[in-house]
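Encoded as structure tokens, the structure appears first; notes follow it.
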Amino acid sequence: MTKSIIVEFSLSDVLPRSFYDRSPLIVGREIIGKKLIRTFENGKELSGTIVEAEAYGGNRDPASHSFRGKTRRNEVMFGEAGHAYVYFTYGFHYCLNFVTSSKFGKASAILIRAAEPLTGINFMERQRKTTLITQLASGPGKLCQAFGIDKSQNGIDITRTDSAIRVESSDLNLRVSTSKRIGIRVAIDRRWRFFSTSSPHVSGGPSSKVRGIRES
DNA sequence: CACCCGATTATCT
DNA sequence: GATAATCGGGTGT
Numbered sequence: 207m208t209k210s211i212i213v214e215f216s217l218s219d220v221l222p223r224s225f226y227d228r229s230p231l232i233v234g235r236e237i238i239g240k241k242l243i244r245t246f247e248n249g250k251e252l253s254g255t256i257v258e259a260e261a262y263g264g265n266r267d268p269a270s271h272s273f274r275g276k277t278r279r280n281e282v283m284f285g286e287a288g289h290a291y292v293y294f295t296y297g298f299h300y301c302l303n304f305v306t307s308s309k310f311g312k313a314s315a316i317l318i319r320a321a322e323p324l325t326g327i328n329f330m331e332r333q334r335k336t337t338l339i340t341q342l343a344s345g346p347g348k349l350c351q352a353f354g355i356d357k358s359q360n361g362i363d364i365t366r367t368d369s370a371i372r373v374e375s376s377d378l379n380l381r382v383s384t385s386k387r388i389g390i391r392v393a394i395d396r397r398w399r400f401f402s403t404s405s406p407h408v409s410g411g412p413s414s415k416v417r418g419i420r421e422s
């Protein structure tokens, strides 16, 4: 009984599955400003404010991994909303996604592209081999490196309070801008990238101007 | 089994 | 602006 009371009145603000089980366009916008938390088996905890995300959606979206159907790599995208889809790319980097509604073209997800570090910054600096705060998690590959995320987290349920990766609500109410998605060659007309307006922690920040990213 | 290429990043000119 | 680093997924033979 005591246990159930503790659960009922838990102070956890972990976002529930219903948050993710919606269109990636809605989830992508609303997740900006939320708190990303990464915990390790030794109790170590890292956190940051999500400041950039992109929507990818099933058979409506030729830029999505799920566009050509289910494969061993993308099968998590075809499963339940609220799970992590982590993939390896360019021989170097991991990218973190959260599965969203299956009603949006069979399989959809949002790519978590950047976060503003809050706690565990020393750990992130060691992971990233830099102390420049705006370089720690200002890109999908950088974010995974800073937060120690790799394929071993692929498929985990991020709505559990004890999950190695989870997202909590926040009092922040950041202004959100949109733009075309970055790094894709098809469906480049859609403005499915969402980011905190003027945040120095988004990709295309200080040192990435060379890539010519425009956010209009 | 060979081939192509990617939801990236760091570093060079 | 251009390219190297580096590897596994996906496709076609």
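Position one of the first sequence corresponds to residue 207 (this note's numbering), numbered consecutively onward. All C-beta atoms, glycine included, are put in the ideal place defined by N, C-alpha and C. What you are looking at is a predicted structure, and each value in this text was computed from that prediction instead of being measured.
Quick check on the burial criterion: 16 or more other C-beta atoms within 10 angstroms. Buried or exposed for Asp377?
For the purposes of this step, residue 377 is taken as residue 171 along the first sequence, with counting starting at 1. Counting Cβ neighbours within 10 Å, Asp377 comes out exposed, since fewer than 16 surround it.
Hey, out of Pro268, Leu231, Leu324, Phe304, whose CA is closest to Pro346's CA?
Within the first sequence, the letter at position 140 stands for residue 346. Among Pro268, Leu231, Leu324, Phe304, the Cα nearest to that of Pro346 belongs to Phe304.
Within 10 Å of its beta-carbon, does Val392 have 16 or more other beta-carbons around it, so buried, or fewer, so exposed?
Taking the first residue of the first sequence as 1, we reach residue 392 at position 186. Answer is exposed; the Cβ neighbour count stays below 16.
Helix, strand or coil, according to DSSP, for Ser413 in the structure here?
On the first sequence, position 207 is the one that residue 413 refers to. Residue placement at Ser413 is poorly supported in this model, since its pLDDT is 48, which falls under 50; the coordinates are not used for a value here.
Could you tell me which residues DSSP puts in a beta bridge with Arg399?
On the first sequence, residue 399 is found 193 positions in, with the first residue counted as 1. BP columns for Arg399 point to Glu260, Ser385.
State yes or no: is the C-beta of Ala315 within less than 9 Å of the C-beta of Lys276?
As a position in the first sequence, residue 315 is number 109, starting the count at 1. As a position in the first sequence, residue 276 is number 70, starting the count at 1. Not in contact: Ala315 and Lys276 (Cβ atoms no closer than 9 Å).
Under three-state DSSP, which class holds Glu247?
Counted from its first residue, the first sequence places residue 247 at position 41. Looking at Glu247 - three-state DSSP - the assignment turns out to be coil, as it is neither helix nor strand.
Could you pull the start and end residues of the beta strand (DSSP E) that Arg372 belongs to?
Numbered from its first residue, the first sequence carries residue 372 at position 166. That run of the beta strand (DSSP E) goes 371-374.
Touch test, the segment 394-404 against the segment 270-285, Cβ-Cβ under 8 Å, three pairs minimum:
no
Does Phe225 come out as helix, strand or coil in the three-state DSSP assignment?
On the first sequence, residue 225 is found 19 positions in, with the first residue counted as 1. The answer is helix: DSSP assigns Phe225 an H, G or I state.
Cutting at 6 Å between CB atoms, please list the residues of its own chain near Lys239, excluding the five before and the five after it.
Translated into positions along the first sequence, residue 239 becomes position 33. A quick correction: the sequence has Gly, not Lys, at residue 239. The residues are Ser376, Leu378, Leu380.
Please report the distance separating the alpha-carbon of Tyr262 from that of Gly297.
The residue you call residue 262 lines up with position 56 of the first sequence. The residue you call residue 297 lines up with position 91 of the first sequence. Their backbone Cα atoms lie some 22 Å apart in a straight line.
The beta strand (DSSP E) that contains Ala315, what's its start and end?
Your numbering for residue 315 matches position 109 in the first sequence. Unbroken beta strand (DSSP E) run through Ala315: 314-325.
Less than 9 Å between the C-beta atoms of Ala370 and Ala343, yes or no?
Here residue 370 refers to the residue found at position 164 of the first sequence. Here residue 343 refers to the residue found at position 137 of the first sequence. No, they are not a contact pair.
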